[in-house]
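In what follows, a structure is listed as structure tokens, so that the remarks can point back to it.
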Amino acid sequence: MAIRELRCWELLTPLVTAWILIHAGAAFAADADPIFDYCVADSTQSSIFFNGLPCKDPSTVTAADFTSTAFRAPGNTSNPLGIAIAVAAAGPGLPGLNTQSLTLVRFEYAKDGGFVPLHIHPRASELITVTKGAVQVGFIDSSNKFFSTTLYKGDSFLFPRGLIHYQLSVSSSPAKSYSSLNSQNPGIVLLPPNLFGSTPSIPDIVLEKSFSLSKDEVDRIKASFGAS
Ligand SMILES: *[C@@H]1O[C@H](CO)[C@@H](O)[C@H](O)[C@H]1NC(C)=O
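If you use mature numbering (1 follows the signal peptide of the UniProt record, and there is no 0), the sequence shown corresponds to residues -29 to -1, 1 to 199, in order.
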């Protein structure tokens, strides 16, 4: 069995290398560069689909299009994860961000354990800055090396693009951080509901074998994410 598995991986290696070489050019690019000063999103034209949002007539653009008030009001961290998230993103929230390859996110954490579970942003790196309290952060690279530290007010940390990461408040008072992400549509894949709460469900046997879990354990975790 062990020998057969080894042969499988040996066969895979050249294929993986070829895939990396083919895709390496694309992997260095973030969102496409804008070709105008700005392309302020016109959210009323919802029937047009392309890479970004349609632009307003530049003569109708005002300072309000480059302004967000998303972070004025405090969020509510009275929820099971103890977290409140507010976003300034291209679209109605901050139309001027369209095509600028940026998204800004505010995280508020309940004291003692406000938590952003393990997740991935498929299209962006994330630079986080703590502005209140203390937040433990961590990510795992593609060689399974784990990087983690605790950030205090004024500290920043980078989650490289596409890698699994988390944020956990470790202060006895509420904490806060801001993150900038270098895509107007970073995407978020929250691993626990992605794997155990998908629609339709991933077959039990796949999760049992992937995580060395019993069928009962898989069913219990799936049930906690509302899957059958
Ligand atoms: C925060 O959310 C909780 C739970 O939904 C709710 O009971 C509470 O009234 C909310 N607090 C505020 C200030 O909105």
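Ideal Cβ positions, reconstructed from N, Cα and C, are used throughout, including at glycine.
{"query": "CB of residue 96 within 8 Å of CB of residue 153, strictly", "result": "yes"}
{"query": "Residue 130 burial status per 10 Å Cβ neighbour count (16 or more: buried)", "result": "buried"}
{"query": "Exposed unless 16 or more other CB atoms sit within 10 angstroms - verdict on residue 48", "result": "buried"}
{"query": "Cβ neighbour criterion (16 or more within 10 Å) applied to residue -14", "result": "With a pLDDT of 46 at residue -14, under the threshold of 50, the modelled position of that residue is not reliable, and the figure given next carries that caveat. Classification of residue -14: exposed, given that the 10 Å Cβ count is below 16."}
{"query": "Residue 44 in three-state terms, based on DSSP", "result": "coil"}
{"query": "Within 8 Å, strictly: CB atoms of residue 39 and residue 59", "result": "yes"}
{"query": "Chain-ordered residues, beta carbon under 7 Å from a heavy atom of ligand 1", "result": "47, 49, 50"}
{"query": "Cross-strand partners of residue 202 (DSSP beta bridge)", "result": "Here the chain has residues from -29 to 199 only, and residue 202 is not among them."}
{"query": "Nearest to residue 124 (by Cα), restricted to the options 135, 104, 113", "result": "104"}
{"query": "Per DSSP, the bridge partner or partners of residue 147", "result": "79, 103"}
{"query": "Residue burial classification, residue 53 (beta-carbon count within 10 angstroms, cutoff 16)", "result": "buried"}
{"query": "Cβ neighbours of residue 81 in the same chain (closer than 8 Å, five flanking residues each side left out)", "result": "48, 49, 53, 54, 140, 145"}
{"query": "Option nearest residue 148 by Cα separation, candidates 122, 170, 90", "result": "122"}
{"query": "Stretch-stretch touch, CB-based, cutoff 8 Å, three pairs: the region 110 to 117 with the region 151 to 170", "result": "no"}
{"query": "Burial state of residue 193, where buried means 16 or more other Cβ atoms lie within 10 Å", "result": "buried"}
{"query": "C-beta atoms of residue 128 and residue 99 nearer than 8 Å", "result": "yes"}
{"query": "Own chain, CB closer than 6 Å to residue 178, minus 5 neighbours either side, in chain order", "result": "189"}
{"query": "Where the beta strand (DSSP E) through residue 141 begins and ends", "result": "From DSSP, residue 141 is part of no beta strand (DSSP E); its letter is neither H nor E."}
{"query": "Span separating the alpha-carbon of residue 142 from that of residue 7", "result": "44 Å"}
{"query": "Rounded separation between residue 167 and residue 12 - CA only", "result": "35 Å"}
{"query": "Rounded separation between residue 84 and residue 134 - CA only", "result": "22 Å"}
{"query": "Option in 186, 94, 27, 109 with minimal Cα separation from residue 156", "result": "94"}
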